[in-house]
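Worksheet for the structure shown next.
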Amino acid sequence: MEGGGSLALGMAVTSEQGKKVASSGPCPVLQVVNVRRQPELLRSVSTRIPWYRMLSSDSINSLQGMLVSSLSHLVAKGAFRSGIVLDLL
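Everything in the sequence shown is counted per the working numbering, starting at -2 for the first residue and increasing by one.
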């Protein structure tokens, strides 16, 4: 997988008692294949929210989804872009 850097997104796994459970085995990764800006959502007359559609792959399967709008600033800064590898914790 190609890429210029990685961005770690934390995904906590907890037991029924609320304690964090360590995962066994290798950490799963996804590569961001494409990030496209979509037409802005109009939350109110003065507030426009940019949002992005993304395509990612684990080299076997692909997944298409939308990036949550609270993380749109990462795309604007260039931290979340095509080619990066996401470590799923």
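Every residue gets a Cβ at the ideal spot worked out from N, C-alpha and C, and that includes glycine.
{"Check": "Where residue 45 and residue 37 are concerned, what is the direct C-alpha to C-alpha distance, given to the nearest angstrom?", "Outcome": "6 Å"}
{"Check": "Looking at residue 29 and residue 52, is the spacing between their C-beta atoms short of 9 Å?", "Outcome": "yes"}
{"Check": "So residue 69 is in the alpha helix (DSSP H); what residue range does that whole segment cover?", "Outcome": "69 to 74"}
{"Check": "Would you mind giving the Cβ-Cβ distance between residue 32 and residue 82, rounded to the nearest angstrom? I have them listed as a contact below 8 Å.", "Outcome": "At roughly 14 Å, the Cβ-Cβ gap does not stay under 8 Å, so residue 32 and residue 82 are not in contact."}
{"Check": "Here's the rule: buried if 16 or more other CB atoms are within 10 angstroms of the residue's CB, otherwise exposed. What is residue 64?", "Outcome": "buried"}
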